[in-house]
Structures are given as structure tokens and as C-alpha cells.
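In the numbering used here, the protein residues as written are 6 to 148. We put the beta carbon where it would ideally sit given N, CA and C, even for glycine. These numbers were taken from a predicted model, which means no experiment stands behind them. Contents: one structure, followed by commentary.
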């Protein structure tokens, strides 16, 4: 059996937050809140909207909104052009919100990591854990 495309990997991070889906949705879709837990951005929750995420390290991610289902699902491309193939990334991020008895289960899946991008994959996995920690702190501050 031959494969025409290389297998890709997905970084998946999940966490339950003691807040309703509507509160998490605001943090996932309002640019000024996204900046506090994720990165500086010019995001709009509109399918087809192209935007950038600007990291503190100076990197810029080129993104495009793929899906918006309020309080349930948000998806966008997460592309980082880099001369080194190990970091040149074309990926998709999907946020899934599921109501629970105690709040909301948030799952993020970033897919598209090539086999030779082990460091980028590991960095994304660790990065999403840190982003979720930042998000938790923001939600607590927002009351």
C-alpha cells in the first residue's frame, strides 16, 4: 500500500473551564481578549476573513477563518512561513466547546504537522497548554 501524501500529526490539548460556553466564546473571538491570552491580532469571527496573529517573538502567523459556529466550533488556518522546512507550517486549528455540568470542555486540535516537524509539533503542544493557562487567568479576571 502506497501513500501519496506524508502522514501529518495533530497537537491536541483539552481542558475543562468552570465557565459557560458563551464566556469562552467571547475570549476566543474578541480581538482585545484574544490578545490577552493568545497573541496580537486583527481577527473577526467571519468565515473567509484573513487575519494575522503576531507573536511576542516577532513571528507572524497568516490565518483565515474556516468555520464559525457560535458557542460550539471555531476553526482557522495557522500558517507560519519559514525558510527552514522544520518550521514552515501550514496547519489548521479547531476549537470545540462542549457544555459540561461544571462549565465547558474546550478542545483545541492543531493539525498539519509533517513528520520532520517534531520540534514545531512539540512547541505547539506546549504552547497550547500555556495559552490555555493564560485563557484561564483571563476568564477569572473577567469575572
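Compute the minimum distance between the beta carbon of residue i and the heavy atoms of the ligand GTP, and state whether it is under 7 angstroms.
{"i": "residue 136", "result": "By its list of ligands, the structure shown contains no ligand whatsoever, and the ligand GTP lies outside what it can speak to."}
In chain order, what residues of the same chain have a beta carbon less than 8 angstroms from the beta carbon of residue i, not counting five sequence neighbours either side?
{"i": "residue 133", "result": "16, 18, 113 and 115"}
{"i": "residue 44", "result": "58, 59, 60, 61 and 66"}
Where does residue i land, buried or exposed, given buried means 16+ other C-beta within 10 angstroms?
{"i": "residue 125", "result": "buried"}
{"i": "residue 62", "result": "exposed"}
{"i": "residue 109", "result": "buried"}
{"i": "residue 117", "result": "buried"}
{"i": "residue 103", "result": "exposed"}
Quick check on DSSP: helix, strand or coil for residue i?
{"i": "residue 137", "result": "helix"}
{"i": "residue 115", "result": "strand"}
{"i": "residue 77", "result": "coil"}
{"i": "residue 148", "result": "coil"}
{"i": "residue 13", "result": "coil"}
{"i": "residue 104", "result": "strand"}
{"i": "residue 110", "result": "strand"}
When DSSP builds the beta bridges, which residues end up paired with residue i?
{"i": "residue 45", "result": "59"}
My understanding is that residue i touches residue j, with C-beta atoms under 8 angstroms, so please give their C-beta distance in whole angstroms.
{"i": "residue 143", "j": "residue 24", "result": "With a Cβ gap of about 10 angstroms, residue 143 and residue 24 do not count as contacting."}
Can you find the residues in the same chain that come closer than 7 angstroms, C-beta to C-beta, to residue i, ignoring five residues on each side of it along the sequence?
{"i": "residue 31", "result": "38"}
{"i": "residue 14", "result": "118 and 126"}
By Cβ distance, which residues of its chain are closer than 6 angstroms to residue i, with the 5 residues on each side in sequence left out?
{"i": "residue 36", "result": "46 and 48"}
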